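*Asks:* Questions regarding the structure given below will be posed in turn.
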Amino acid sequence: MFYVQRDAQGQLIRVEAAAYAEATETLPADHHEIQAWFANAAVENSLKQLKQSDFEMIRVLDDLIQVLTQKGVIRVTDLPPAAQAKLMDRTQAREALGGLSQLIDEDEGGLI
Numbered sequence: 271m272f273y274v275q276r277d278a279q280g281q282l283i284r285v286e287a288a289a290y291a292e293a294t295e296t297l298p299a300d301h302h303e304i305q306a307w308f309a310n311a312a313v314e315n316s317l318k319q320l321k322q323s324d325f326e327m328i329r330v331l332d333d334l335i336q337v338l339t340q341k342g343v344i345r346v347t348d349l350p351p352a353a354q355a356k357l358m359d360r361t362q363a364r365e366a367l368g369g370l371s372q373l374i375d376e377d378e379g380g381l382i
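Just so we're on the same page, the working numbering is the position in the sequence shown counted from 1, plus 270.
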């Protein structure tokens with residue numbers, strides 16, 4: 271059983287397993303509104319995780335491109351002009367922040 275609170279339009283705005291003062295009714299776990307509530311919460315959580323992962327992957331790709339260019343495997347000019355411009359913007363922004371040393375968490379350790 272879940273304790274729920276609804277807004278003026280009758281939409282669920284809060285669902286809890288334990289009773290709380292603002293709860294206006296209870297619904298069983300298999301009720302379609304409860305199922306939809308938790309499905310939406312799962313989707314939101316997954317989207318947040320993907321967004322964080324995107325930020326982390328941007329950093330990985332940025333570092334990877336830098337290593338490959340330093341080792342002569344690729345040249346920045348091998349990339350499309352739009353990619354070159356974005357890399358230059360990121361390089362300048364990182365240099366303005368003092369290079370890589372303050373941006374890397376030393377506890378991350380090692381390579382991928």
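Yeah, the Cβ is synthetic: ideal placement off N, Cα and C, and Gly gets one too.
Here the structure is a predicted model, which means the values were calculated and not measured.
1. Give the DSSP-derived three-state secondary structure of Val-330 in the structure shown.
2. Can you check DSSP and say which residues form a bridge with Gln-275?
3. In the segment 292-340, which residue ranges form an unbroken beta strand (DSSP E) of at least 3 residues, counting only runs that do not cross its ends?
4. Taking Cβ positions, are Val-330 and Thr-339 nearer each other than 7 Å?
5. In three-state terms, what does DSSP make of Leu-357?
6. Would you tell me roughly how many angstroms separate the C-alpha atoms of Arg-364 and Asp-333, rounded to the nearest one?
7. Touching or not, the segment 319-326 and the segment 292-309, by the rule of three or more beta carbon pairs under 8 Å?
8. Express the C-alpha separation of Lys-356 and Ala-366 in angstroms, rounding to a whole number.
*Replies:* According to the structure data:
1. Helix at Val-330.
2. For Gln-275, the beta-bridge partners assigned by DSSP are Arg-284.
3. Contiguous beta strand (DSSP E) elements confined to the segment 292-340 occur at 295-297, taking only those with 3 or more residues.
4. Contact check for Val-330 against Thr-339 fails: the beta carbons are separated by 7 Å or more.
5. Note: Leu-357 maps to helix in three-state DSSP.
6. Looking at the two C-alpha atoms, the distance is approximately 11 Å.
7. These segments do not touch.
8. The alpha-carbon atoms of Ala-366 and Lys-356 are separated by roughly 15 Å.
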